[in-house]
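For reference, the structure is listed below as structure tokens.
There are 2 protein chains.
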Amino acid sequence: MDTRTNILKTALELYNSQGVNAITSRHIAAKMGISPGNLHYHFRQTDEIISTLYESLATDFDRLMSELESVSPATLDTLRDFSIRSLELAYKYRFIFLHFVEITLRIPSIRKDYYALTRRRTTEFFTIFRQLKADGVFRDDLPESIWEALVTQIFIVGDFWLSNNELTGRLRGGNAIKHYSKIIAGMFYPYLTPAAQLRITE
Amino acid sequence: MDTRTNILKTALELYNSQGVNAITSRHIAAKMGISPGNLHYHFRQTDEIISTLYESLATDFDRLMSELESVSPATLDTLRDFSIRSLELAYKYRFIFLHFVEITLRIPSIRKDYYALTRRRTTEFFTIFRQLKADGVFRDDLPESIWEALVTQIFIVGDFWLSNNELTGRLRGGNAIKHYSKIIAGMFYPYLTPAAQLRITE
DNA sequence: TTATATTTAGAACAAATGTACTAATTTATT
DNA sequence: AATAAATTAGTACATTTGTTCTAAATATAA
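Protein chains in written order, with this note's numbering: chain A, 2 to 203; chain B, 2 to 203.
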């Protein structure tokens, strides 16, 4: 593996396990057995490592969203599949979510990028909701503001389930993903029509 | 005001506005116009400042919970009132929520304390839910697992609405509280009985 | 007033950190 | 094989940070 890729891989491991503020460029170099000089030859500034990792996450997430958009018509299964894949992706880059505010304070461009991503996700969710309402999966007797609130909830839970896990249960890997998948599935349940609810519980 | 109190007040201001990692004991001392030596006479370790501020938050929150428990029978208004007060309290100590994972990595005892608090809050919520179901406010046709999921949702949104705000809208003060109060109110809406829903929208 | 305790300022230290610089070494190109 | 380009190691430097220490100043008590 080339050094640059190896730096990114090692940095991701260390950031994920010890947090973005506890790890310095020297730690990464030491873990790899290379010199600090070498590391800074590949990344002049340490922040570039974080930016690059964030870009990987954003790219992977964009791909996930494209897949979601391409499925037509979307079903509840599509949505569930998407949420599980999202959780898996977030887990892979979990240090970003665990230290999101920290990171955006350190690298403001990440905040701007994330904000743009959020806006795209919002319209995407509304499209899917509209379709699922038409298909009799989601209730259509709820005021519009309730759906808006739901989208914000989804973003908060989607971005901070890892932090919640860190503060409370501290589940790892598959266990964490399984647990929070259920939370998210449960989150949608009251928005389903009685028919769709039945289809799930049986 | 005595110096110790003043240190806490200044620290809270600085942490809230610039983040817990950007602010050092020297910044706090400089802002107050006192020497670093003086600051460290009152707080031998900088972390003690953070711990003390966390304890203030926990104490205030405990008081809020006691008030909630004392109201009997609890109504939907009780719940709404409680959530608004919670948001106000969180806003006052927002640096803790914006840097929660960071802080618990730095001061592990805070995580333990928070975990205990969460467990108490959980049982409290279930008590209230049970009562509101009996009173015909909350639906009683939802599986138990859905209510469990709701409690986790409440914790995640309650703890990280400030982070979400920081990443997206960046509303300040009353505007932020007003906005996220609505989100939380909307969060409960699908769990209400049709009768209770009507009572709200009219 | 005198003695004692508390509070404060300011200097000092060690450790850590980001990053730049230089020289050596390895790899690629001709 | 000779030359040029790239990668790498190791050192060095300025800054920052948490914390300690000492002495001065201030407040309190007798």
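A virtual CB, placed ideally from N, CA and C, is assigned to each residue, including glycine.
Judged by beta-carbon spacing, Ala91/A lies within the 9 Å limit of Asp160/A, meaning their Cβ atoms are closer than that value. If you check the CB distance, Val158/B and Val158/A come in under 9 Å. Pairwise C-beta distances place the region 58 to 74 of chain A in contact with the region 107 to 121 of chain A, as three or more of them are shorter than 8 Å.
For the region 81 to 105 of chain B, the residues whose beta carbon sits under 8 Å from a beta carbon of chain A are, in order, Leu99, His100, Phe101, Val102, Glu103, Thr105.
Per DSSP, Met2/A lies in no alpha helix (DSSP H) segment and is marked neither H nor E. In this structure Ile184/A is buried. Its beta-carbon is surrounded by 16 or more other beta-carbon atoms within 10 angstroms. Counting the other CB atoms within 10 Å of its CB gives Ile29/B a total of 16 or more, which places it among the buried residues. CA-CA distance, Thr194/B to Ala186/B, rounds to 14 Å.
When the five nearest sequence neighbours on each side are left out, the beta carbons in the same chain lying within less than 6 Å of the beta carbon of Phe83/A are those of Leu69, in order along the chain. By the criterion of a C-beta distance shorter than 8 Å, Pro74/B is surrounded in its chain by Gln132, Asp136, once the five residues flanking it on both sides are discounted. For the region 7 to 25 of chain A, the set of residues with a beta-carbon nearer than 9 Å to any beta-carbon of chain B comprises Gln19, Gly20, Val21, Asn22, Ala23, in chain order. The shortest C-alpha to C-alpha distance from Met188/B to any of Leu13/B, Ile8/B, Asn17/B, Leu77/B is the one to Leu77/B.
In the assembly as shown, Ile129/B is a buried residue. Its beta-carbon has 16 or more other beta-carbons within 10 Å.
Listed by position along chain A, the residues whose Cβ is nearer than 7 Å to that of Gly187/B are Ser146, Ile147, Ala150. The C-alpha of Thr124/A is placed about 16 Å away from the C-alpha of Gly170/B. Boundaries cannot be given for Ile108/A, as no alpha helix (DSSP H) includes it and DSSP labels it neither H nor E. Taking a Cβ-Cβ cut-off of 9 Å, the neighbours of Asn165/A in chain B comprise Thr153, Phe156, Ile157, Asp160, Phe161, given in sequence order.
Counted as a single uninterrupted DSSP element, the stretch harbouring Phe139/B is not any alpha helix (DSSP H), since DSSP gives it neither H nor E. The bridge partners DSSP lists for Leu193/B are Phe139/B. DSSP places Gly34/A outside both helix and strand once states are collapsed to three, so it counts as coil.
Sorting Leu15/A, Ser146/A, Glu89/A, Ile147/A by C-alpha distance to the C-alpha of Gly174/A places Glu89/A at the top. With fewer than 16 neighbouring CB atoms inside 10 Å of its own CB, Pro109/A falls in the exposed class.
Contact of Ile184/B with chain A by beta-carbon distance below 8 Å involves Ala150, Thr153, Gln154.
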